[in-house]
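*Asks:* Structure incoming, see below.
Protein chains: 2
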Amino acid sequence: MSSDGRAYPLDAWRITEGRFDRSMASRNETIFTLANGNLGMRGNFEEGFCTVSRGTYINGFYEETPIVYGETAFGYAKNRQVMLNVADAKVMRLTVDGEPFDLGSGTILSYERTLDLSRGELLREVRWSSPAGRRVAVRIRRIVSLARRDTAAIDYEVAADGNDLQIEIVSAIEGSVENQAGRDDPRIGTRSNSRMLTTIFREAGGLDGLLVQKTPVTHMALACAMTHSYAHSSGAGPQVRTVSRAADAGESASVTVRTEIASGDSFRLTKFISYRTTKELAEEGLVDGARGSVEEARAVGFTVLEEEQVREVRRFWASADVEVGGDEAIQQGVRYNLFSLLQSAGRDGRTSVAAKGLSGEGYEGHYFWDTEIYVLPFFIYTQPEIARSLLRYRLGILDKARARAAEMGQKGALFPWRTIGGEECSPYYPAGSAQYHINADIVFALQKYLNASADRGLLAEGGAEMIFETARLWADLGDWLPERGDARPKPSGAAGGLRFYINEVTGPDEYTALVNNNVYTNLMAELNLRAAAALADRLRREEPAELDRVARRILLADEEIEEWRRAADRMYIPYDRERGIAAQDDAFLHRARWDFEGVPRDKYPLLLHFHPLVIYRYQVLKQPDVVLAQVLRGDRFTTAEKKRNFDYYDPLTTGDSSLSPCIQSVAASELGYVEKAYEYFMRTARMDLDDVNGNVADGFHCAAMAGTWISLIYGFAGMRDYNGRLSFDPRLPKAWSHLRFALRYRGAAISVSATKDEVVYDLDPGEANGAAAVTIEHRGRELLLEAGRPARVSLLPLLECVIFDLDGVITDTAELHFRAWKRIADELAIPFDRSFNERLKGVGRLESLELILEHGGKALPHPEKLAVAERKNGYYRELVATITPENLLPGILELLTALEASGIRRAIASVSHNVWEVVERLQISRVIDLIVDPSRIAKGKPDPEVFMTAADALRIPPENCAGIEDAQAGIDAIAAARMFSVGIGSELTGADWTLPDTASLSLELLLERFASHRTGRG
Amino acid sequence: MSSDGRAYPLDAWRITEGRFDRSMASRNETIFTLANGNLGMRGNFEEGFCTVSRGTYINGFYEETPIVYGETAFGYAKNRQVMLNVADAKVMRLTVDGEPFDLGSGTILSYERTLDLSRGELLREVRWSSPAGRRVAVRIRRIVSLARRDTAAIDYEVAADGNDLQIEIVSAIEGSVENQAGRDDPRIGTRSNSRMLTTIFREAGGLDGLLVQKTPVTHMALACAMTHSYAHSSGAGPQVRTVSRAADAGESASVTVRTEIASGDSFRLTKFISYRTTKELAEEGLVDGARGSVEEARAVGFTVLEEEQVREVRRFWASADVEVGGDEAIQQGVRYNLFSLLQSAGRDGRTSVAAKGLSGEGYEGHYFWDTEIYVLPFFIYTQPEIARSLLRYRLGILDKARARAAEMGQKGALFPWRTIGGEECSPYYPAGSAQYHINADIVFALQKYLNASADRGLLAEGGAEMIFETARLWADLGDWLPERGDARPKPSGAAGGLRFYINEVTGPDEYTALVNNNVYTNLMAELNLRAAAALADRLRREEPAELDRVARRILLADEEIEEWRRAADRMYIPYDRERGIAAQDDAFLHRARWDFEGVPRDKYPLLLHFHPLVIYRYQVLKQPDVVLAQVLRGDRFTTAEKKRNFDYYDPLTTGDSSLSPCIQSVAASELGYVEKAYEYFMRTARMDLDDVNGNVADGFHCAAMAGTWISLIYGFAGMRDYNGRLSFDPRLPKAWSHLRFALRYRGAAISVSATKDEVVYDLDPGEANGAAAVTIEHRGRELLLEAGRPARVSLLPLLECVIFDLDGVITDTAELHFRAWKRIADELAIPFDRSFNERLKGVGRLESLELILEHGGKALPHPEKLAVAERKNGYYRELVATITPENLLPGILELLTALEASGIRRAIASVSHNVWEVVERLQISRVIDLIVDPSRIAKGKPDPEVFMTAADALRIPPENCAGIEDAQAGIDAIAAARMFSVGIGSELTGADWTLPDTASLSLELLLERFASHRTGRG
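So the protein lines, in turn, are chains A and B.
No gaps in the numbering here: position 411 of the first sequence is 442 in this note's numbering, and each next residue is one more.
No gaps in the numbering here: position 72 of the second sequence is 103 in this note's numbering, and each next residue is one more.
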């Protein structure tokens, strides 16, 4: 570790291991992985010393073995698929004057290993003295070529350091590798004892070697070839003797090179490696294919391979880089993570992104929803070609998804929760196959791609079929059942007795399984159904022949399309009216809260310490489903709901999943919880570099790596892409000087450069047919971006809106209420005076009546109470009818007029049911932009909803709003809404500015106080 | 098969296979099983021909192997336990003049195999001609001794039939048997490939042989010994030569006997067998133990063993027999099932009843709740010694249950869902470990035993600890959460905001898993908690030192006891107010109904054709939890609720479980669904003899066998034992002439003999300190039974109660309602006349107002509607205040008076809220026994609840009630309540007797019509 407690010194472009530390070996094997989306090599030392898990992986190259169940049942996933650890071609064992070069012996004089993120190269430089005192300097460069998918190369240079040396290098391909045995951790995979890959052919000759391996069940085969070139620094140099050998032991092919190096001279052996598989070639072509590749690589030489690599890496950073000013740790984490994503993503249309990329065997190399929900946004907006390829993988397994749906008794297509080849491989269905949401996740990503790229080719390639078949699954899976009391208020679509329910599924949260109406699942299914109906509509309008073709292929009836729309319109979204929050599912809020206080930290992750029945029984989350839903489908929630949801669910989230912190960070950013957003972001940005979860040895956390980009772009830059419109709302953490990135959008590039004070948006139409102008939104305002005309927007605080309470701020209706209650009390023969009236302030109508009855020692049956309360309202409304502009409180009209003149919006946020009539009678309607009345909110003050609803409706960020209130609950509500609060009255606490009365209010003072609060004390 | 399509001819005491049928071989291997609760032998032929599964089992003798999971998790059951198929000592291979005796060759001249239920013996008699034409008569008797737990004997007699014969009999113990491999059917068990039992020693000499086997993991060992005696019918006879041999091949010990038999003579070889195990002896004592047993058996001889057997069997039938007159098939099924239970039940205090007894390997020989809920009632009431022993098995594994609770993160003890040795062995926790109800099932059975036996010894032996520790589990498992709207009305206990909920469990119904508040689980947990609190109270009062001892042992605090009571009092029971039924769990009624119409019969059992996710998603049942709950805890439901529950849930029950029909039969009996009760009973009574489920080859269905007794005693005899009081309500199916049985109760015997016309209860105090008098109930009436004074009660129909509707039968309040509504309509300025008033008949108050408003084209806000409806009621009550006895309808007072004089009860069942006042003002209170008003019911007419509630309250069976009504809904309600219905008015349909007006009513006519209806047309 370096002195600041970090494993690697902070450097924007380099990950450097500055000294050899055996205890870091397994971790560094992952960290120094090189891969190109097809071929991955863990960072094992070529010489073989200090190896924990040597790994070489080919994306999508797997074997199948039957899953053994304790007790099986119909429809269970039949086979396990395992991405194979294939023949190891990294091997180059150096012997120096008869002593093996091994850092476990002798003396290390200097040591440095660096992954260069700007070059895509791994470099190791060691000076070492052998046990017998022979000194050698070794410099090894390794490339897994981004330009040539099957090719890797290792340049191994040995210098004699003050002594002449006899050296030997055995360069081999070793086939006797195996996948690791599993441990009792479901995140890794279960032990498989049988050998899954056998070496069926090996050959060596001259500087060449070759090995063929094959699987018994999937019949996949690969040829791994190597060849070499060498040179002495001294030109011709001493003689080089080579021996090649194909051995049964170790199933290896090797080339042994022996030579002498004079002191001060050096010798370079360059190894060219190729892996070709039956995924791309016929089996009989493998050997020639692999030989051809290594020959070609040797022909161009290592330097050219290096140049190609740098070119590819530069191209990547040109569109993918995110610059974070002022935080080196973040900057390094961001670059490392983005580069690792590039390394991990398949790009041949037949592979995806394994949960751990090509860096390890965790999760058996399976593809999950991680690709679509976490990884794809990054590629869609920076490398659309890779995004397209990843989506084509899903199109390729559509037939298998159809077969799975049929097996599960459903129509349409059901994508597997985890798979490599396309078949469902979940050995534990409650947290696997039950996650039907995978279907909608895929369509969600496809929709996002189609919108950002404007490329419709994928639709004709099977995309349309996929959208229709997944929608079919939902329409068949769900059930039409009677409306229940606990639905979200105001469902969209026509009224009626039936709603669409989706029962017995598991959402992303794996600490809650087999539930009814998981909010994430239902919202995503709604999107899937709506997307299918909308696509059918568009095709019918624009490409009727294409719709016809697809409909004939999949026997699609018009009624189905209508059913999709109806199911989407009437989708049931569980909601808790009392708390005003989304319910994670029908039952979640009826469970007890997990004992967070009583369960010690070492019992986390819970899944390793508690039986699933225990975990499922409580309100405790692995993944925060509601928060994820409000990030992905933010347009289906009000800001007030989002705040309440986050406030409720975030404390229930354990941090046991690497997929959560980025989502929590985005949600926190949106709600202005900047510190929290930063804290969660830190965990995702440096998850692997800092080994936050302690298991980086098992491989990358690809979803968390992509989550870094999501946190930056969706979180701190506030980017959203709902309904095909890009919008931004940048909010930088205090420590950052700036945030810069670019997005590919409809062929063009939009660059965004934000500081705390301003943001600049710039459009580059790119080379080809990129859009020349794009309309985006910044904080709710439209901006037309045109090439060559950067849009510069201030982020400084600015008072844009003032939101007034009604009673006690604009007018004093308290007197009218007193008189109405007095009349009722007289009728009931209950004594009533102004002092008792004080007890009714801020109390609802029915509750007020109950207080009065209690005061008078009387009781009424409930219906009569309702009638009396109604009568009181009648009396009050009679009095309201007497209101005139005279009743405006002092200074208010002047303030409203001044605000209007300055272009500052004016809203009233009131929980009074008579607000409209009062405003009308006060004759101030023409200076009020917006009235939020109780019918528009679920929770009254001190919940901030009434103020947040006003800001939402006017599309003004809360930081640029002020609220004026005369009641404590109102001040608290304004504060919770993160607005500038103005308190009228001397007994209020916590207001940003307190005044004795409305007469003291003026625009000038308000602007002054607002500015000093926002810049100075804020 | 015999000519009537049955496999075995109907015979009250014998199961006979009349001809040799190879296709019946595997089925008969189970059917002709002999066992004694410790040692079981399938009905394989001694000679080994035609064997499908040869099986020999010792109760509780098992091996463990690790359970392999597709994906494992914390707390999963670790090991599988398998009851072992042990060394086969049945083997006796006969050779006749060099030809093997094999019914697959030669000619069968006659064949009969009989299981004699009155003797406990299996007899086979065969006359056979060999392929070479040698004729032989063979007679084989087999006994597994009920008097000697380790001993079996086979008497093998060979007669030369018209020719001299050279015979050889190889009598062996063969150790090379194995458990069957599993199939893909979770009801059987999963394949285990390793050999679980190895033969470690074999020995033979003279007429003796011996074999020792041992398991590698559980280290259980057994010694199986044999010895022989022989005799010629001709006295001394020809020479007998014997050879004994211990062979590695087949891991066998054998004795070969050769002799000659002259034509007409016969030769008997009698084999004595013993199995001794380390369950009872130290390993070093096994060999001597087994040898000693067989020597002893040989010393007494086969005839004495037979006599002992007959004595034991007679003793069993003396207390266990149930005589069903008039139905031979039932009688045979009943006897076979009860005898099989005797054979299956462990009685050493360390074993229980495997799901398939000792007859096969289905369910791996595991013990489930089947023992406590299904099997124990039979033993408790007929063989209390065996019941006691079965309960002691649970006490013996209490420590393991404590350890399991701790592993599951809970306090107290948690019994395993399936086990042999006491450890949880469920490989699929959603339908295994999640069935926490097993805890309460055990306590339920213990309570039942304690009450019926009055034996308290078990409490001191650990029973008290068990009741406390299981209660502890419930108290810790459940959660205190706020009251919800969907609770059952009128919870017992104090009012308050919190209820006790039990989340994330599975009830008995395995087609619904991992639910919240399963009604069966919660009701049984309530019982468990209450039993624990009550026990603590009793001990504190009566045996404070004992309470102290237990409390110190398990660190029991007084507060815990209070908590148990509170949890029981406030237990949440999910209820559907709209339907008026118990909800199986929180979510069940929010699922869609299974598509019973669309899914073909060959897709059942569903578990073999649909993924669990599909099954769990729907309202479809394997076990009917609600119906089971209302059978076991019938005192917690009203009869009306039971009827609605049964009507709702019975059609959802698939018949996929052998545990359901008996329960459905009992519930149907109670509700008077006699045909249905009989139909379900038939399936349970002859399940194995008729191979109803097609899998009898895998072994007995012990729970269904015991269900036969439950159906008879709890169903047709209507026995209940709630709260320690025996009650009866016999209702015989049409086909039966009588039903006779006896119950052991507190040391005495109560015999019950019922015909359709009468029932006789008789008490026999027995030999020892049996109760000399017992109070029982017959149809709600107490009966004091005294020794020597049989109580004889008529079952003929008898009018015991008349239940009157109020409006239109006793008085005409319709006019008053008209006048009140008229006044309201006038106030609202809406036209209203008598013709419109007709539309309001039978319509509730608020709905009536809505009709009037609609009629007048007016609308009112909801609270005002409530107020107006209240006002109407005020007007109506003013009018009610004017009612006098003059308003009684003609003939009513006379009828009420005549009924009173005849001792026939009089009730009013009205949905009018003013019924009490009206009755008061009519001055008929003194002749009315009971008024049921709307506050006491959940559903109005035509639901029968209001009438059933009246009958329930008066404790009169509905058949003995008449109801009088003037509205169609009322007539329908009376019919649904199965009462005699009297209709007043000419437009009514479906009434049993219709009159134009009340003036035509008279007691004389009513009695006449009732009698003719019940006896003649009924």
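The beta-carbon is built from N, C-alpha and C at its ideal position, and this holds for glycine as well.
Please read these numbers as outputs of a predicted model, since none were measured by experiment.
#1: The alpha helix (DSSP H) with A:Val1093 in it runs from where to where?
#2: Going by alpha carbons, who is nearest to A:Ile231 out of A:Glu455, A:Gly528, A:Leu897 and A:Ala118?
#3: Report the rounded CA-to-CA distance for B:Gln661 versus B:Ala708, giving the unit in angstroms.
#4: Counting only C-beta atoms, is A:Pro643 closer than 8 Å to chain B at any point?
#5: Between B:Tyr532, B:Tyr542 and B:Tyr647, which has its C-alpha nearest B:Pro605's C-alpha?
#6: May I have a chain-ordered list of the alpha helix (DSSP H) segments no shorter than 4 residues that lie completely inside the stretch 330–407 of chain B?
#7: From which residue to which residue does the beta strand (DSSP E) around A:Ala993 run?
#8: Return the chain-ordered ranges of every alpha helix (DSSP H) run that is complete within the stretch 627–708 of chain B and spans a minimum of 4 residues.
#9: What do you get for A:Val274, buried or exposed, if any count of 16 or more other CB atoms within 10 angstroms of its CB means buried?
#10: Could you round the C-beta distance between B:Ala163 and B:Asp192 to whole angstroms and report it? I think they count as a contact, below 8 Å.
#11: Using the beta-carbon of each residue, which ones in chain B are nearer than 7 Å to A:Asp1052?
#12: Can you list, in chain order, the residues of its chain whose CB lies under 8 Å from that of A:Met979, leaving out five sequence neighbours each side?
#13: Among residues of its own chain, excluding the 5 on either side of A:Tyr39, which ones have a beta-carbon nearer than 6 Å to its beta-carbon?
#14: Taking Cβ positions only, does B:Arg1060 come closer than 8 Å to chain A?
#15: Pull out every residue of the stretch 77–104 of chain B whose Cβ sits closer than 7 Å to any Cβ of chain A, in chain order.
#16: Are the beta-carbon atoms of B:Gln654 and B:Pro539 separated by less than 8 Å?
#17: Do you know offhand how far A:Ser523's Cα is from B:Trp625's?
#18: Using the C-alpha atoms, what's the distance from B:Thr290 back to B:Gly393?
#19: From A:Glu909, A:Val243, A:Pro916 and A:Pro973, pick the residue whose C-alpha is nearest to that of A:Asn945; which is it?
#20: A:Tyr542 and A:Val651 look like a contact to me (Cβ under 8 Å); what is the Cβ gap, rounded to whole Å?
#21: Check whether the Cβ atoms of B:Thr308 and B:Ile89 sit closer than 8 Å, and answer yes or no.
#22: Can you tell me which residues form a DSSP beta bridge with A:Arg174?
#23: Roughly how many angstroms lie between the CA atoms of A:Gly971 and B:Tyr907, to the nearest whole one?
#24: What are the boundary residues of the alpha helix (DSSP H) that A:Pro894 is part of?
#25: Check the Cβ of B:Arg515 against every Cβ in chain A and list those closer than 9 Å, keeping chain order.
#26: Please list the residues of the stretch 410–443 of chain A that have a C-beta atom closer than 7 Å to any C-beta atom in chain B, keeping them in chain order.
#27: Spatial neighbours of A:Lys521 within its chain, please: CB distance less than 6 Å, with the 5 preceding and 5 following residues excluded, ordered by chain position.
#28: Per DSSP, which one or two residues make a beta bridge with B:Thr290?
#29: So what does DSSP say about B:Arg854, is it helix, strand or coil?
*Replies:* Taking the geometry as given:
#1: Nothing in the structure corresponds to residue 1093 of chain A, since chain A is present only between 32 and 1049.
#2: The residue you call residue 231 of chain A lines up with position 200 of the first sequence. For the residues A:Glu455, A:Gly528, A:Leu897 and A:Ala118, the minimum Cα distance to A:Ile231 belongs to A:Ala118.
#3: Here residue 661 of chain B corresponds to residue number 630 of the second sequence, with the count starting at 1. Here residue 708 of chain B corresponds to residue number 677 of the second sequence, with the count starting at 1. In a straight line, the C-alpha of B:Gln661 is about 15 Å away from that of B:Ala708.
#4: The sequence position of residue 643 of chain A within the first sequence is 612, counting from 1. At least one chain B Cβ lies under 8 Å of A:Pro643.
#5: Along the second sequence, one-based indexing puts residue 605 of chain B at 574. Considering only alpha carbons, the answer is B:Tyr532.
#6: 333–351 and 359–375
#7: One-based indexing of the first sequence puts residue 993 of chain A at position 962. Start and end: Cys992 to Glu996.
#8: 643–647, 656–663, 670–680 and 691–701
#9: Here the question's residue 274 of chain A lines up with position 243 in the first sequence. The residue in question, A:Val274, is exposed, as its Cβ has fewer than 16 Cβ neighbours within 10 Å.
#10: What you label residue 163 of chain B is simply residue 132 of the second sequence in a count that begins at 1. What you label residue 192 of chain B is simply residue 161 of the second sequence in a count that begins at 1. The pair is not a contact, with the Cβ atoms about 14 Å apart (cut-off 8 Å).
#11: The structure shown does not extend to residue 1052 of chain A, since chain A is modelled only from 32 to 1049, so the question has no answer here.
#12: Residue 979 of chain A sits at position 948 when you count from the first residue of the first sequence. If we look at A:Met979 and ignore the five residues flanking it on each side, its Cβ neighbours are Thr669, Thr670, Ala671, Lys674, Pro989 and Ala1008.
#13: Reading the first sequence from its first residue, position 8 is the one you call residue 39 of chain A. Taken in chain order, the residues that qualify are Ile46 and Thr47.
#14: Within the shown structure, residues of chain B are numbered from 32 to 1049, placing residue 1060 of chain B beyond reach of any answer.
#15: Ile98, Val99, Tyr100, Gly101, Glu102, Thr103 and Ala104
#16: The sequence position of residue 654 of chain B within the second sequence is 623, counting from 1. The sequence position of residue 539 of chain B within the second sequence is 508, counting from 1. Going by C-beta atoms, B:Gln654 is nearer than 8 Å to B:Pro539.
#17: Counted from its first residue, the first sequence places residue 523 of chain A at position 492. Counted from its first residue, the second sequence places residue 625 of chain B at position 594. Its pLDDT being 44, under 50, A:Ser523 is placed unreliably in this model, and the coordinates cannot settle the point.
#18: For this step, residue 393 of chain B is matched to residue 362 along the second sequence. For this step, residue 290 of chain B is matched to residue 259 along the second sequence. The alpha-carbon atoms of B:Gly393 and B:Thr290 are separated by roughly 41 Å.
#19: Residue mapping note: residue 945 of chain A aligns to position 914 of the first sequence, counting from 1. Comparing Cα-Cα distances from A:Asn945 to each of A:Glu909, A:Val243, A:Pro916 and A:Pro973, the minimum goes to A:Glu909.
#20: Within the first sequence, numbered from 1, the residue matching residue 542 of chain A stands at position 511. Within the first sequence, numbered from 1, the residue matching residue 651 of chain A stands at position 620. Their Cβ separation, rounded to whole angstroms, is 5 Å, which keeps A:Tyr542 and A:Val651 in contact under 8 Å.
#21: The residue given as residue 308 of chain B occupies position 277 in the second sequence. The residue given as residue 89 of chain B occupies position 58 in the second sequence. The answer is yes: Cβ separation under 8 Å.
#22: Taking the first sequence and counting its residues from 1, one reaches residue 174 of chain A at position 143. A quick correction: the sequence has Ile, not Arg, at residue 174 of chain A. Answer is A:Ala184.
#23: Along the first sequence, one-based indexing puts residue 971 of chain A at 940. Along the second sequence, one-based indexing puts residue 907 of chain B at 876. In a straight line, the C-alpha of A:Gly971 is about 41 Å away from that of B:Tyr907.
#24: The residue you call residue 894 of chain A lines up with position 863 of the first sequence. Note, A:Pro894: alpha helix (DSSP H), His893 to Val911.
#25: Position 484 of the second sequence, counting from 1, holds the residue named residue 515 of chain B. Near B:Arg515 (Cβ distances below 9 Å), the residues of chain A are His621.
#26: Met439 and Gly440
#27: Taking the first sequence and counting its residues from 1, the one referred to as residue 521 of chain A is at position 490. Annotation note: pLDDT 48 at A:Lys521 (below 50); position unreliable, no value reported.
#28: Reading the second sequence from its first residue, position 259 is the one you call residue 290 of chain B. Per DSSP, B:Ile198.
#29: Here residue 854 of chain B refers to the residue found at position 823 of the second sequence. If DSSP states are grouped into helix, strand and coil, B:Arg854 belongs with the helices.
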